[in-house]
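In this note's numbering, the protein residues as written are 1459 to 1751.
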């Protein structure tokens, strides 16, 4: 989830295409939506985007992350979770436009930031992308940070690098570093990350926020989410971007829901410090403000 305006948010939907033995079927339902916090209610509308065949062989499959591009009004990156049988693994560059109170999306380009080993690769669940943040540094260098989910005894990771050629048809991602989000002893849930948010605390420093999730049951839970900070990112002109892991600091615990989105607060909700979105399987989902614990 990414804030578009004071009370408006862009959210992703993890709808998947259908893959059968001898045929792939595109799921034509929208993959993106707009959440607007009104005076007395929260509104949702689907966001429609055309996906030209020249940029993608199928519509997005399992979108999991979105980040706003710095100094580019209404431009965003949205990421699929990873590869499935050699397909997908893409990050899309989108531009939003509003006309008469309605939002539409335009696809600018698509890239595959991570290579695959074989033509039939499927990204293991523990290595799937769940969160993404964007920052801009020296000489307008765009840095993108991905968070992988972890799970099943494997730790989630932060992977960061530079993204060049954003205004060209073939942007390129160059990995620069990676680090475990937490150690085995620090784990707060089965999955270490269900989203990623960087809170700028001072010049060239960002506090990292993510969500540890437990969902051991079926479509009805039980769910548990821990919103926490595992450390900070710092920028140095010589060393570049580095992650400093600390003892995890728990901010909020939400029992009964699966928090999968974390963003800036809505201006309309005074005193809130974050916005969250839940995806509670058969129980639906919701947008909520977070206040200081």
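The beta carbon of each residue, even a glycine, is placed where N, CA and C say it ideally should be.
**Item:** For residue 1555, the three-state DSSP class (helix, strand or coil)
**Value:** strand
**Request:** Would you give the residue range spanned by the beta strand (DSSP E) that residue 1744 belongs to?
**Result:** Per DSSP, residue 1744 belongs to no beta strand (DSSP E) and is neither H nor E.
**For residue 1736 and residue 1715, believed in contact at Cβ under 8 angstroms, the rounded distance** = 4 angstroms
**Item:** DSSP state of residue 1484 mapped onto helix, strand, coil
**Value:** coil
**Item:** Alpha-carbon spacing of residue 1610 relative to residue 1556, whole angstroms
**Value:** 42 angstroms
**Item:** Under the three-state DSSP convention, the category residue 1615 falls into
**Value:** strand
**Asked** In or out: residue 1577 buried (at least 16 other Cβ within 10 Å) or exposed?
**Response** exposed
**Asked** In the DSSP assignment, what residue or residues form a beta bridge with residue 1805?
**Response** This structure gives no information on residue 1805, because the portion of the chain shown stretches from 1459 to 1751.
**Message:** Quick check on residue 1670: buried or exposed, where buried means 16 or more other Cβ atoms within 10 Å of its Cβ?
**Reply:** buried
**Message:** With H, G and I counted as helix, E and B as strand and the rest as coil, what does DSSP make of residue 1560?
**Reply:** strand
**Among 1603, 1686, 1627, nearest to residue 1647 - alpha-carbon criterion** = 1686
**Request:** Kindly list the residues whose CB is nearer than 7 angstroms to the CB of residue 1519, restricted to its own chain and excluding five residues on each side of it in sequence; keep chain order.
**Result:** 1474, 1475, 1538, 1542, 1546
**Item:** Residue range of the beta strand (DSSP E) that includes residue 1693
**Value:** 1682 to 1694
**Request:** Would you check if the stretch 1675 to 1683 and the stretch 1692 to 1709 touch, i.e. whether three or more CB-CB distances between them fall below 8 angstroms?
**Result:** no
**Prompt:** Taking the alpha-carbon positions, what's the residue 1694 to residue 1662 distance?
**Reply:** 7 angstroms
**Prompt:** Is there contact here, the stretch 1648 to 1661 with the stretch 1603 to 1617, by at least three beta-carbon pairs under 8 angstroms?
**Reply:** yes
**Prompt:** So is residue 1675 buried or exposed if we call it buried at 16+ other beta carbons inside 10 Å?
**Reply:** exposed
**Asked** Thinking C-beta only, is residue 1526 closer than 8 angstroms to residue 1548?
**Response** no
**Prompt:** Can you list, in chain order, the residues of its chain whose CB lies under 6 angstroms from that of residue 1492, leaving out five sequence neighbours each side?
**Reply:** 1503, 1505, 1561
**Prompt:** Can you list, in chain order, the residues of its chain whose CB lies under 7 angstroms from that of residue 1634, leaving out five sequence neighbours each side?
**Reply:** 1618, 1619, 1620, 1698, 1699
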